[in-house]
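To start, the structure under review is shown below, and the notes come after it.
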Amino acid sequence: MYYDTIMSGFGGQGIQTISILVATAAINKGMEVSYLPSYGVEKRGGRTDVFMVLSDEEIGSPITNHPLSVIALDTIALDTYQDQLAPGGLLIYNSSLIPGELIVRDDINVIALKCNEEAVAAGNPKLANMIALGAFMERIDFLSYDEIEEAMGEVIPERLKKHIPGNLKAILRGMELARETVQV
Amino acid sequence: MYYDTIMSGFGGQGIQTISILVATAAINKGMEVSYLPSYGVEKRGGRTDVFMVLSDEEIGSPITNHPLSVIALDTIALDTYQDQLAPGGLLIYNSSLIPGELIVRDDINVIALKCNEEAVAAGNPKLANMIALGAFMERIDFLSYDEIEEAMGEVIPERLKKHIPGNLKAILRGMELARETVQV
Amino acid sequence: MNAVFKRPDALTDRETHFCPGCTHGTAHRIIAEVIDEMGIVDDIIGIPGVGCCVFLYHYFPIDVLEAPHGRAPACATGMKRAQPDKIVFVYQGDGDLAAIGTSEVIHAANRGENISIFFINNSVYGMTGGQMAPTTLLGQQTTTTPYGREFRTEGYPIKMAEMLATLEGVAYSARVSLHSPKHVNQAKRAVRKAFEMQVNQMGFSMVEMLSTCNTNWRVSPREALKVVENEMIPYFPLGVFKERTGKDFL
Amino acid sequence: MNAVFKRPDALTDRETHFCPGCTHGTAHRIIAEVIDEMGIVDDIIGIPGVGCCVFLYHYFPIDVLEAPHGRAPACATGMKRAQPDKIVFVYQGDGDLAAIGTSEVIHAANRGENISIFFINNSVYGMTGGQMAPTTLLGQQTTTTPYGREFRTEGYPIKMAEMLATLEGVAYSARVSLHSPKHVNQAKRAVRKAFEMQVNQMGFSMVEMLSTCNTNWRVSPREALKVVENEMIPYFPLGVFKERTGKDFL
Amino acid sequence: MSERKLTKGNIALAEGALQAGCRYYFGYPITPQNDIPEYLSRELPKRSGVFIPAESEIASINMVMGAAASGKRAMTSSSGPGISLMQEALSYMAGSDIPCVVVNIMRSGPGLGGIAPTQGDYMQAVHGGGHGDYRNIVLAPASVQEMFDLTIRAFELADKYRNPAMVIADAMMGQIQEPCRLSPERPVVVPEKPWALTGRRGRKPQLLKSLYLGPGEQEEHNLLMKRKYDTIQQNEVMFETKDLDDAEIMIIAFGTPARIAKTAIGEARKQGIRAGLLRPITLFPFPGDEVARFSGKIKNILVVEMNTGQMLMDVKIAAHRDAAVSFLGRPGGGIPYPDEIVREIKKALKGVTAA
Amino acid sequence: MSERKLTKGNIALAEGALQAGCRYYFGYPITPQNDIPEYLSRELPKRSGVFIPAESEIASINMVMGAAASGKRAMTSSSGPGISLMQEALSYMAGSDIPCVVVNIMRSGPGLGGIAPTQGDYMQAVHGGGHGDYRNIVLAPASVQEMFDLTIRAFELADKYRNPAMVIADAMMGQIQEPCRLSPERPVVVPEKPWALTGRRGRKPQLLKSLYLGPGEQEEHNLLMKRKYDTIQQNEVMFETKDLDDAEIMIIAFGTPARIAKTAIGEARKQGIRAGLLRPITLFPFPGDEVARFSGKIKNILVVEMNTGQMLMDVKIAAHRDAAVSFLGRPGGGIPYPDEIVREIKKALKGVTAA
Amino acid sequence: MAYIKIDRDRCKGCCFCVDFCPRNLITVSESHNRQGYFPAEFDMKNEGRCTACKTCAVMCPDTAIEVYK
Amino acid sequence: MAYIKIDRDRCKGCCFCVDFCPRNLITVSESHNRQGYFPAEFDMKNEGRCTACKTCAVMCPDTAIEVYK
Ligand SMILES: Cc1ncc(C[n+]2csc(CCOP(=O)(O)OP(=O)(O)O)c2C)c(N)n1
Ligand SMILES: Cc1ncc(C[n+]2csc(CCOP(=O)(O)OP(=O)(O)O)c2C)c(N)n1
Ligand code: SF4
Ligand code: SF4
Ligand code: SF4
Ligand code: SF4
Ligand code: SF4
Ligand code: SF4
Ligand SMILES: [Mg+2]
Ligand SMILES: [Mg+2]
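Protein chains in written order, with the numbering used here: chain A, 1 to 184; chain B, 185 to 368; chain C, 369 to 618; chain D, 619 to 868; chain E, 869 to 1223; chain F, 1224 to 1578; chain G, 1579 to 1647; chain H, 1648 to 1716.
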């Protein structure tokens, strides 16, 4: 088993949280994980990109320019990584902020999610990232919802634990949306 | 024509002056000269060693461990350089300060000069170096007394010019002593 | 109607990379205003230190040299000696000037180099993420003093304006603040004074400006102004610590 | 009869490499005497700067670390923090402390490092042949100020004892001189005070000693003492600029 | 597996230092290594250690010298510009036989450069840097686990040979997070240091210095150091290989590029090209004998670095005289992706060699 | 011949700087190069120049940066420890395309070392030193005349390529006195410097910097620099040969050891051994092609250095694959006398090669 | 008659102008600007009340304010 | 009864003791010592006049003087 992905958005969108959740769940299963964040220079409002590789075996390159999937939460993310996505790969994008016309690849699987609206619907505008994570979970086979739920307990700091149920709800909603999405 | 020599003594004995005289006279004749002083670390009373090479042609090594002659004005100088002197080379030593027993080489030419006493006799205890220079002049064939006299005019700074006649007298005395010395 | 206040010509219209409410921006503006007012923009060269001010050249449409961290006063020395007829100014943070560059600023000051230094004291290394600076207040938590600065282990906040004022070569040394309109206007007058010292060849001038770093202080921009007023100023008194008059200067 | 004065045990009997009449030798002796009197010779570590004092280890029969030029106060910081129960002292010239090592001494002082520094101010870089130091007097000719030091180009002689005294971390800062018996005895008392500050964990102590360098000043040893008295002291006033008492120190 | 924790490279390194018994850290901030001092500023006080936010890199390394001369395990860390400022003191410590550990999380230079990852400081760490004939022991981790393990190893080697040891890693290695076992492979033993300066009580006075003035003394000291470095070369080489047995081309790379090369090798083999890897773990001592040995068999070598060709020199010196050495270099923050490496492998096999 | 004056190496160098039009000197004393600042402190004021006795080497080199950024020819000089402290700024200047001249009169290291002559800083000057992928142009005079001439050349090359140039010479070259013509071989021309920071009057604002943050910019900048260095390598190599035509062994040495080697070659030839010399005058660019070419014919190479083998690396990389490279190294102030070289020549010819 | 112009996209929403306007003429927008901040706003209805005292502009770290009279 | 002992070979002839002895009891030798300096001398005839005030020893930079009482 080998999987690599790039998750990208602007600071505050919660890219770090969902990627750490995936990494933690994978480690709990005994998988190898490499997780490489790259931050912009500015202190605030900068970008957050995460390069993640998950594997049964020792991980070689921690960085990839042909990821199997890309989660793009804003337009810059899409612009930067759409081209890199491996043929047949999965693009999950936040159609609340990214106009659909920008999707030009036709050799990939695409899931468009109105993350912001769905998040508000799920009760908290900050849940956009969880919606995306849900869709991601639906489409991968090496991690289960239960494993993410377990990871959540470890990753979320004590003072934020109260948000866990909301998070889980949003993930489930994301999964649901992904199931509804017709594969292109 | 190629000649190399090491002149050595303690600071204040005037090694620099006589070696610069030789170097200047040689340059005036169009010879190549390399003149390498090496000072001790201490500010005062340190040692002065001069490595000098004179030649008609471009000079290779500016430093020699088998000089054709050594001028040793004190015991440390003798100790340091006696062994290095080339077989058949010339040792001029200051027998005012260096006991004759210290000369152990029997494959060299030796001139013992009571430089200090001769200097006093010549009118100035500081002339010990000039006595030695005289002996040196007597035994080399690539520079003449006149050439040294000319160099003297250039090398000695204005305020010390009054000492020139004394210097020349001491050189002549050194030459005389060298002529008297029986070659060993 | 006429504009009675607009962006000075000596600032480009590029948006700054500074965090919201960071008074580095204010410092930039007042320096630019003085450059405009004195009409020296064509003959000025700026040397920023390394820190949040490193992009000075994005904002000032003037010649700029990027100096190694802390060494801007030495670079400025070389530059001003090479071009005594140009105006040379240095813009440094407290890490740059009061930590790694201590020696360079002290000796430039002591030699009385005819340069002007604008020193942004925000009590932390802003650009690198808010570590303790020599100017960090006692008790202040930073990323390298997680338990608060303790004088027994990290020493006392250092007062550069006062220390430099003790040096003969210094023509002007002042500390100002950027936390209120009144203080910003005062600060601008100090900037002008510093440049005037240089134009009049009076020697070294330095203006220390108390400035905010709300991001690393982890407070809002508004709260940051209060921190300057209530915590910094009591320890770092404002004032002019040295001012050479024509008469002193033989 | 009994010897009422002899070489202290904390000096070896090796002849020094110092020039005749160089008061580095005097400074060595009074430090050694205090070490003897305080009985700390077994627990002391010395860190000389680079300069004529670099051979400290030849003369003091104690543990010694050779520091890079100017960095002895930083080395001493690391050493004292690692061994707070040992006595650590630094011995630096004015090139070492007031030029290349400016930053290190200021920040060690500012942190209040519990070390003692003996600072030999002889107004030149002695060991390297008498070049201008930051402490060189105005008008003084040196090998790099052949026309005499000029404040417009080389700045003013820097007063380290006064400057350091402005720092909170400093427990003791004094300037003494070695040019007369009375002053030597005063100097010795200052050395003792500095070590006592350290023993009592009061923080940073520094004794600046006006010292001769007759070789590079190109005068006789006797004349050199006069130079200290008549030229140095008028510019570098003697005195205690800071002295922490038990009460100040919380 | 429960003890494997997702850990950032910089943190693993800092924790490695703590577990190696290092209780003295002196440092000045610089991106991308700030996690190290920040972590240690929290942890050292808890473990009765000393953390000083020094006023500069020069002060930092000299504080390290003072603590290390006291017989303690001491460390500093920085990146390019800061490491450049430490060169004088590193030369002093090597010359005075004082052990210490210095970490360089490399960012792109020259000058102020950027904070992007590079390996542009190989030459400085391995050959150049300070003045005089000395060497640093240099270790190059390629995983978070190695950031931890090799830091401990660095302290061991530094003490064993009384010499500065450097851990150098590109900015990626500093920022990456991987599962890591944060306990030492073997129990840590800090050796006795009878040479330490602790006051002369009960013994003769001691001295740590690098100035030798007697005739011939400095040369003798240099030759002694040279012998020490020869011993290190003989005894302490560490390297890793992958798929070399049947390889037709050998990639030589250290740090992150070696990791990327592993993926490239997988790719290449899928395409029927038998590529393999030699990864130097110690850069000094460099596994020159291994390069020679393998390149005797595998005549094609591709060196991959994130610089313009620095380790390349050591490879060229060591390589078998019949070997063809090509080079792929991405300086200033560029990253040699697996597909680029595969392309270079193909080129190299077509006989294109490095300039 | 009347214009040939007995001149000390350091003085010839300082006078060379003046005649190259250098009017800005900033320096901090260190033996054995103090003659340079001392001479310039007397001469610069007479020629409306600026001499500042800086507070440190770091200040010196940064003052040089400021003056050089103003478009002026500026210089500093030092020795080992002081040069180590300049590495950060040298990296900055190379990264910012600012020309300058830095002189290293090498003394024996590492650490404080002694004031005896060595060549222990070759690696630092030529390959290592500061952080990042940059190079210094490095010139190595071997006579007082060259101390003068090559200093002028250093300014020319620095300006031509907008890069720091170093003159490195061992302490002997600094102290030796030889007859020297103190006037330039060719008229000195200081080029226009439209890039200089002189205030924006009449033009767009200008900037000298080394920080590039846009994606790929820093890499691009590095590759540009690499191309510049390739051009330098192509165009600026300087070397001298002696008696190579019929040689059976080629000595490669720079600076004073090359001089000593000449005497040794005379000796060897007297004894019937056909020795010759290749002396690199530029160390970067290194005459690698020449080493390759000659060693294709002359299979025995003896490298002689006053260190433990630093240029040796460059020779090994360049040498023909069939060449046997031996080494004679005297580090820490030792001097390879002519007879010792002759002995090594004989050993080398018997087939003993360097480790 | 005086008024100010706030460059909506330049403003970073620090609120200094809001806090310091002696006549409380500046408010915070309810929508993001291009940079993602909630910028300050000046309602032109207040033209009459603004004294062109420049306090807001003096405090603005981002030179987002122009004052007209 | 007091006197001083000057270590003749240690003395570098700086004359500080000579100059500062309040009773002028110290003179300069007419011959070199081992180091080449003209050392200071104390004539034991002056034993009675020396007060062991230690001034000479305090001023000696070379610790060449011992004082006895
Ligand atoms: C030699 C060196 N050391 C460290 C750094 C990293 N660094 C960059 S900016 C900075 C400090 C910035 O703080 P300050 O000068 O106070 O400026 P601010 O960002 O707070 O305005 C540091 C330590 C560097 N670039 N170079
Ligand atoms: C980094 C470095 N720069 C320069 C030197 C050369 N150097 C040795 S001692 C010294 C100055 C000595 O002057 P000072 O500290 O005043 O001591 P003094 O000899 O006068 O007592 C200098 C510049 C050095 N050893 N290291
Ligand atoms: S980090 Fe601090 S100093 Fe830097 S821009 Fe942000 S608020 Fe200003
Ligand atoms: S050079 Fe000066 S400081 Fe050094 S020993 Fe001689 S007199 Fe003393
Ligand atoms: S100019 Fe004065 S009154 Fe007008 S908006 Fe600004 S602060 Fe308010
Ligand atoms: S002060 Fe400037 S940046 Fe701040 S809210 Fe007002 S207009 Fe916006
Ligand atoms: S002890 Fe006093 S009286 Fe006796 S010799 Fe010395 S100075 Fe003179
Ligand atoms: S003071 Fe000491 S060194 Fe000087 S003359 Fe007297 S005994 Fe000799
Ligand atoms: Mg700051
Ligand atoms: Mg001094």
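Backbone N, C-alpha and C fix where the C-beta goes; we use that ideal spot for every residue, glycine too.
Note that the structure is predicted; figures quoted are calculated from it, not measured.
Rounded to the nearest angstrom, what separates residue i and residue j at their Cα positions?
i        : j        : result
N1031(E) : H1354(F) : 21 Å
L1420(F) : G11(A)   : 38 Å
M745(D)  : I1540(F) : 42 Å
N1168(E) : A1136(E) : 14 Å
M974(E)  : P1508(F) : 26 Å
So, is residue i buried or exposed, given that buried needs 16 or more other C-beta atoms within 10 angstroms?
i        : result
R1657(H) : buried
I761(D)  : According to the sequence displayed, residue 761(D) carries Thr and not Ile. When all chains shown are included, T761(D) counts as buried.
P62(A)   : buried
K914(E)  : exposed
A1291(F) : buried
A515(C)  : It is worth fixing the name first, because residue 515(C) is Tyr in this sequence and not Ala. The residue is exposed, with fewer than 16 neighbouring Cβ atoms inside 10 Å.
Examine ligand 9 and report whether any of its heavy atoms sits within less than 6 Å of the Cβ of residue i.
i       : result
G494(C) : yes
Since residue i contacts residue j with CB under 8 Å, what's their CB separation in whole angstroms?
i        : j        : result
M531(C)  : L465(C)  : At roughly 11 Å, the Cβ-Cβ gap does not stay under 8 Å, so M531(C) and L465(C) are not in contact.
D1344(F) : N1359(F) : About 11 Å; that fails the 8 Å criterion.
Run through chain E and tell me which residues come within less than 8 Å of residue i, C-beta to C-beta.
i       : result
Y675(D) : P1073, L1075, K1077
Return yes when the C-beta of residue i is under 6 Å from any heavy atom of ligand 3, and no when it is not.
i        : result
C390(C)  : yes
C1589(G) : no
Name the chain I residues that come within less than 8 Å of residue i, Cβ to Cβ?
i       : result
A207(B) : Included in the structure are the protein chains A, B, C, D, E, F, G and H, with no chain I among them.
Measuring only from the beta carbon, is residue i closer than 6 Å to any heavy atom that is part of ligand 8?
i       : result
F457(C) : no
Which residues in chain E sit within 9 Å of residue i, going by Cβ to Cβ distance?
i       : result
P514(C) : E906, S909, R910, P913
Q499(C) : Y896, P897, N902, P905, E906, S909, P921
Using a cut-off of 7 Å between C-beta atoms, extract the partners of residue i located in chain F.
i       : result
M991(E) : H1350, G1351
Tell me whether residue i, by its Cβ, gets closer than 6 Å to a heavy atom of ligand 10.
i       : result
G865(E) : Because chain E is modelled from 869 through 1223, residue 865(E) falls outside the range shown and cannot be assessed.
Is any heavy atom of ligand 4 found at a distance shorter than 6 Å from the C-beta of residue i?
i       : result
F636(D) : yes
Residues of chain D with CB under 8 Å from residue i, in chain order?
i        : result
Y1251(F) : A717, I718
Looking at ligand 6, does it come within less than 6 Å of residue i, judged from the CB to the closest heavy atom?
i        : result
I1584(G) : yes
Find the residues of chain B that neighbour residue i, judging by a C-beta separation of less than 8 Å, and give them in chain order.
i        : result
R1482(F) : I243, G244, S245, P246
What do you reckon, is the C-beta of residue i under 6 Å from a heavy atom of ligand 2?
i        : result
N1671(H) : no
Given 6 Å as the limit, tell me if residue i has its C-beta closer than that to any heavy atom belonging to ligand 7.
i        : result
T1702(H) : yes
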